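Residue numbering for the sequence shown follows the UniProt record's numbering, beginning at 1 and increasing consecutively. No residue lacks a Cβ here, since even glycine has one placed at the ideal position from N, Cα and C. Bear in mind that the values here come from a model prediction, so they are computed numbers and not experimental data.
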Amino acid sequence: MVKRCFGYLSGARLHVAGGLVLLLFAALLEIALPWPIAYLVDSVFGDEAPPDWLAKAPGFRPGDPETQAAVTLAVMIVLLGVMHKTLTMLSQLWMIHAGNKMVRGLRVQALETLYRLPLAFHDRSKVGDLLHRTAYDSYALQSLLSGVLVPMLSGLCISIGVFVVMFRLDITLALITTATAPLLWFNIKTYEGRIAKRSKKFHDNEGTLAANLQESLSSIRVIQAFTLEQGNNRSFAERADTSVRENLRKSGAELSFGWVIGVIMAIGTAAVVWVGTLAVLSGRLSAGEVLVFLAYLGTLYQPLNAFSQGAGVYHSATAQLSRVFEIIDEPVTVDEPADPIIPEKVMGRLEFDHVTFSYNGDRPALHDVSFDLEPGKVLALVGRTGSGKSTTASLLLRFYDPEKGSVRLDGHDLRSLGLGWLRSNVSIVFQEPFLFSASIRENIAMGNPDASNEDIELAAKRAQADEFISQFPEGYDTQLGERGVNLSGGQRQRLSIARAFLKDAPVIILDEPTSALDPATERDLLGAMEALMKGRTTIIIAHRLSTIRRADCIGVFERGKLVEFGTHHDLMAKRGVFHDLASTQDDPEPVSV
1 MVKRCFGYLS
11 GARLHVAGGL
21 VLLLFAALLE
31 IALPWPIAYL
41 VDSVFGDEAP
51 PDWLAKAPGF
61 RPGDPETQAA
71 VTLAVMIVLL
81 GVMHKTLTML
91 SQLWMIHAGN
101 KMVRGLRVQA
111 LETLYRLPLA
121 FHDRSKVGDL
131 LHRTAYDSYA
141 LQSLLSGVLV
151 PMLSGLCISI
161 GVFVVMFRLD
171 ITLALITTAT
181 APLLWFNIKT
191 YEGRIAKRSK
201 KFHDNEGTLA
211 ANLQESLSSI
221 RVIQAFTLEQ
231 GNNRSFAERA
241 DTSVRENLRK
251 SGAELSFGWV
261 IGVIMAIGTA
271 AVVWVGTLAV
281 LSGRLSAGEV
291 LVFLAYLGTL
301 YQPLNAFSQG
311 AGVYHSATAQ
321 LSRVFEIIDE
331 PVTVDEPADP
341 IIPEKVMGRL
351 EFDHVTFSYN
361 GDRPALHDVS
371 FDLEPGKVLA
381 LVGRTGSGKS
391 TTASLLLRFY
401 DPEKGSVRLD
411 GHDLRSLGLG
421 WLRSNVSIVF
431 QEPFLFSASI
441 RENIAMGNPD
451 ASNEDIELAA
461 KRAQADEFIS
471 QFPEGYDTQL
481 GERGVNLSGG
491 QRQRLSIARA
501 FLKDAPVIIL
511 DEPTSALDPA
521 TERDLLGAME
531 ALMKGRTTII
541 IAHRLSTIRR
551 ADCIGVFERG
561 KLVEFGTHHD
571 LMAKRGVFHD
581 LASTQDDPEP
591 VSV
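(1) What would DSSP say about Lys197, mapped onto helix, strand or coil?
(2) Given this structure, state the Cα-to-Cα distance separating Ser470 from Asn425, to the nearest angstrom.
(3) DSSP state of Glu374, grouped into three classes?
(4) Would you report the Cα separation of Glu66 and Arg284, rounded to the nearest angstrom?
(5) Please list, in chain order, all residues of the same chain as Pro343 whose beta carbon is under 6 Å from its beta carbon, the five residues on each side excluded.
(6) What are the boundary residues of the alpha helix (DSSP H) that includes Asp353?
(7) Answer yes if the stretch 314 to 329 comes into contact with the stretch 134 to 145, meaning at least three C-beta pairs across the two stretches below 8 Å, and no otherwise.
(8) To the nearest angstrom, report how far apart Thr208 and Ser243 are at their CA atoms.
(9) Which residues does DSSP list as the beta-bridge partners of Phe557?
(10) What's the call for Thr134, buried or exposed, on a 16-neighbour Cβ count within 10 Å?
(11) Any idea what DSSP makes of Ala438, helix, strand or coil?
(12) Touch check for the stretch 197 to 214 and the stretch 149 to 165: three-plus C-beta pairs under 8 Å?
(13) Does Pro513 pass the burial test, meaning 16 or more other C-beta atoms within 10 Å, or should it be called exposed?
(14) With the cut-off set at 7 Å, would you say Asp353 and Gly405 are in Cβ contact?
(15) DSSP three-state label for Leu395, please.
(16) Less than 7 Å between CB atoms is the rule here; does Ser316 satisfy it with respect to chain C?
(17) Rounding to the nearest angstrom, what Cα-Cα distance links Ser10 and Met102 in this structure?
(18) Evaluate the contact criterion for the stretch 421 to 441 versus the stretch 473 to 491: three or more CB pairs, one atom per stretch, below 8 Å.
(19) Consult DSSP for Gly105 and reduce its assignment to one of helix, strand or coil.
(20) Is Arg550 helix, strand or coil by DSSP?
(21) Using a Cβ-Cβ cut-off of 7 Å (strictly less than) and excluding sequence neighbours within five positions of Arg116, which residues of its own chain qualify?
(22) Within 10 Å of its beta-carbon, does Gln230 have 16 or more other beta-carbons around it, so buried, or fewer, so exposed?
(23) Indicate the three-state DSSP secondary structure (helix, strand or coil) for Leu422 in the structure shown.
(24) Determine which residues share a DSSP beta bridge with Arg499 and list them.
(25) Going by DSSP, what residues sit across from Ile508 in a beta bridge?
(26) With contact counted as at least three CB pairs below 8 Å, one residue from each stretch, are the stretch 77 to 95 and the stretch 15 to 25 in contact?
(27) Look at the alpha carbon of Leu111 and the alpha carbon of Ser146, and state the distance between them as a whole number of angstroms.
(28) For His122, count neighbouring C-beta atoms within 10 Å of its own C-beta (all shown protein chains included) and say buried if the count is 16 or more, exposed if not.
(29) Would you call Asn233 buried or exposed, if buried means 16 or more other Cβ atoms sit within 10 Å of its Cβ?
(30) Mark Arg124 as exposed unless 16 or more other C-beta atoms lie within 10 angstroms of its C-beta, in which case mark it buried.
(31) Please give me, in chain order, every unbroken run of the alpha helix (DSSP H) with length at least 4 that falls completely inside the stretch 10 to 40.
(32) Starting from the C-beta of Thr567, find all residues in its chain whose C-beta is less than 8 Å away, skip the five residues before and the five after it, and write them out in chain order.
(33) For Thr391, which option in Tyr296, Phe557 and Gly262 has the closest C-alpha, if you only look at C-alpha atoms?
(34) Under a three-way DSSP split, which group does Arg492 fall into?
(35) For the beta strand (DSSP E) containing Gly484, name the first residue and the last one.
(36) Can you say whether Thr177 is buried or exposed, counting buried as having 16 or more other CB atoms within 10 angstroms of its CB?
Printed below as a string of structure tokens:
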């Protein structure tokens with residue numbers, strides 16, 4: 001896990017290197033911090049001779065009633081403290097900046113992967129959980145750097161320096177201090193598995209909680225309309241209670257871990273105090289040296305404590321990062337071919353050749369479907385809900401790939417074509433148009449981001465949307481609410497059609513674009529859709545047969561099979577499935593071809 005995280009150092013190496021250099025100098029200064037106090041005790045309060053370099057310092061005259069030695073040592077303490085804190089602060093700032101850049105790289109990669117993953121993955125995943133993983137769990141990379149790597153490296157540098165000085169001062173006291181290390185290590189090994197398991201469980205539950213919240217807020221109209229507030233609140237409260245319990249268990253393990261560390265440190269400190277006192281009384285050490293030893297003991301236990309706490313942070317962070325890497329490691333089953341074919345021109349001939357496909361490996365959503373559609377022709381797909389119509393459209397856009405057979409455009413298997421190229425040449429108008437929280441102009445421009453304002457407005461006029469857009473005070477710059485809630489269903493659909501006009505793709509898919517509209521609004525939109533279909537190979541997926549008046553041929557689906565295929569006249573004459581569907585609809589306008 002850590003090795004993999006280092007892969008995100010690209011672009012942040014300079015900051016990490018600079019931070020580590022500053023960290024090293026800060027560690028050296030921390031080792032020097034206790035010595036002015038030792039000199040004060042031994043050479044000012046006592047009669048120990050100071051080191052030569054200190055004896056030559058300005059104002060340092062031990063034994064002189066007017067001595068300024070205490071002032072000199074105080075100045076040294078201030079200078080060392082200021083320099084140490086400054087270097088520590090700068091080091092942390094550089095590391096935080098490096099961590100933020102690493103988090104950015106991880107988030108971008110996770111989102112890029114989510115864009116590339118097939119709809120089958122998104123169908124079985126919850127948006128709120130994916131959001132939590134990408135936006136929040138990814139930040140654990142910063143915790144891993146700032147809460148684990150930096151403290152441990154700093155502690156390692158300080159520990160090495162402190163042990164060297166300790167062993168030079170007194171081997172016995174140094175060995176007593178070192179004796180606590182195996183106990184600390186045993187404690188870390190005892191608790192690490194427990195902390196990791198509970199951290200993973202807690203963060204998984206947090207992802208579920210976020211998914212539940214996102215689903216509730218995105219369905220607020222349904223919740224209020226059916227007075228589901230209390231039931232949803234109760235469900236959310238139960239999940240929140242579970243989250244509290246899991247967090248308590250995780251925190252309990254971490255606090256127990258820290259408590260044992262504190263006890264071990266207290267025992268070690270007591271042993272050093274006892275042996276150090278005997279050493280002073282025997283004349284083996286000076287009082288100042290014992291004070292330095294005790295100060296080093298605190299300095300040494302600080303990084304050891306950082307190691308122990310870092311273990312808890314490490315397991316919590318890796319539990320979160322594993323959730324992000326689960327996204328990144330998800331196999332991309334629908335992706336760009338190794339050597340994509342990019343045709344110069346699209347004629348628009350579509351072929352389904354014995355196509356079979358299932359969503360979950362069980363009952364096929366499509367079974368042995370075959371048909372040809374000539375360039376510029378209009379094919380209507382009809383059938384009951386769940387019969388396979390929308391699945392056919394999804395295969396045309398390579399949202400999924402067939403398990404058997406092939407789908408071809410102008411003779412090329414779609415799996416051999418450039419994925420971006422394919423989707424740029426196939427435009428779709430969904431039953432429920434999706435609009436973003438942006439201006440009307442920006443929403444239409446998603447059909448062609450490089451389009452000029454004149455092209456955008458022309459597309460709106462062709463979609464019969466310019467009239468209602470011009471009624472807004474800000475016109476095309478009017479900001480839409482989330483999913484275009486401040487527009488009617490017909491207005492949203494017109495913007496979706498305008499987007500398709502602007503894209504100007506040679507192949508058009510109309511996926512039940514008027515089934516959610518009233519008959520009057522539907523009649524108004526049929527003219528815009530007929531203009532959009534002109535000269536383009538078009539597939540219309542329809543519940544209402546009124547939308548297939550322009551169809552050159554009709555395909556009838558039933559339980560994933562293409563059971564009938566032909567013109568309206570031929571299918572009505574057969575008096576089969578299509579005849580039954582047409583007979584059950586009270587169509588305000590007769591179906592014509």
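The short version:
(1) Within the sequence shown, the letter at position 197 stands for residue 197. If DSSP states are grouped into helix, strand and coil, Lys197 belongs with the helices.
(2) By one-based count along the sequence shown, residue 470 stands at place 470. By one-based count along the sequence shown, residue 425 stands at place 425. Going from the Cα of Ser470 to the Cα of Asn425 covers about 30 Å.
(3) In the sequence shown, the residue the question calls residue 374 occupies position 374. Glu374: coil per DSSP, three-state reduction.
(4) Your numbering for residue 66 matches position 66 in the sequence shown. Your numbering for residue 284 matches position 284 in the sequence shown. In this prediction, Glu66 has a pLDDT of 41, which is less than 50 and means its spatial position is unreliable; what the coordinates show is noted afterwards. Between Glu66 and Arg284, the C-alpha separation is close to 31 Å.
(5) In the sequence shown, counting from the first residue as 1, residue 343 sits at position 343. Cβ neighbours of Pro343 beyond the five flanking positions: none.
(6) Here residue 353 is taken as the residue at index 353 of the sequence shown, counted from 1. Where Asp353 is concerned, there is no enclosing alpha helix (DSSP H), although the beta strand (DSSP E) it sits in stretches over Leu350 to Phe357.
(7) yes
(8) The sequence position of residue 208 within the sequence shown is 208, counting from 1. The sequence position of residue 243 within the sequence shown is 243, counting from 1. Each residue's Cα considered, the two are about 10 Å apart.
(9) Translated into the one-based positions of the sequence shown, residue 557 becomes position 557. Answer by DSSP bridge pairing, in chain order: Gly383 and Leu562.
(10) The sequence position of residue 134 within the sequence shown is 134, counting from 1. Result: buried.
(11) Here the question's residue 438 lines up with position 438 in the sequence shown. The answer is coil: DSSP assigns Ala438 none of H, G, I, E or B.
(12) no
(13) Stepping through the sequence shown from its first residue, residue 513 is reached at position 513. Pro513 should be labelled buried.
(14) Here residue 353 refers to the residue found at position 353 of the sequence shown. Here residue 405 refers to the residue found at position 405 of the sequence shown. Contact: yes.
(15) Working through the sequence shown from its first residue, we reach residue 395 at position 395. Note: Leu395 maps to helix in three-state DSSP.
(16) Among the chains in the structure shown there is no chain C, since it carries only a single protein chain.
(17) Position 10 of the sequence shown, counted from the first residue, corresponds to residue 10. Position 102 of the sequence shown, counted from the first residue, corresponds to residue 102. Each residue's alpha carbon lies about 8 Å from the other.
(18) yes
(19) Taking the first residue of the sequence shown as 1, we reach residue 105 at position 105. Correct three-state label for Gly105: helix.
(20) The residue you call residue 550 lines up with position 550 of the sequence shown. Coil, per DSSP.
(21) For this step, residue 116 is matched to residue 116 along the sequence shown. Around Arg116: Val332 and Asp335.
(22) If you number the sequence shown from 1, residue 230 lands on position 230. Gln230 should be labelled exposed.
(23) Within the sequence shown, the letter at position 422 stands for residue 422. Helix.
(24) Numbered from 1 along the sequence shown, position 499 holds the residue referred to as residue 499. Paired residues: none, contrary to the question.
(25) As a first step, residue 508 is located in the sequence shown; it is residue number 508 there, counting from the start. Note: Ile508 sits in a beta bridge opposite Ser427 and Thr538.
(26) yes
(27) To locate residue 111, count along the sequence shown from 1; it is residue 111. To locate residue 146, count along the sequence shown from 1; it is residue 146. Looking at the two C-alpha atoms, the distance is approximately 24 Å.
(28) Position 122 of the sequence shown, counted from the start, is the residue given in the question as residue 122. Burial check for His122: the Cβ neighbour count within 10 Å stays below 16, so the residue is exposed.
(29) If you number the sequence shown from 1, residue 233 lands on position 233. Asn233 is exposed by the Cβ-count criterion.
(30) Counting from one through the sequence shown, the residue named residue 124 turns up at place 124. Exposed, since its Cβ has fewer than 16 Cβ neighbours within 10 Å.
(31) 13 to 32 and 35 to 39
(32) One-based indexing of the sequence shown puts residue 567 at position 567. Here the set comprises Asp552, Cys553, Ile554 and Val593.
(33) Taking the sequence shown and counting its residues from 1, one reaches residue 391 at position 391. Measuring from the Cα of Thr391, the nearest candidate turns out to be Phe557.
(34) Counted from its first residue, the sequence shown places residue 492 at position 492. It is helical.
(35) For the purposes of this step, residue 484 is taken as the residue at position 484 of the sequence shown. Where Gly484 is concerned, there is no enclosing beta strand (DSSP E), given that its DSSP letter is neither H nor E.
(36) Residue numbering aside, residue 177 sits at position 177 when the sequence shown is read from its first letter. Buried: at least 16 other Cβ atoms inside 10 Å.
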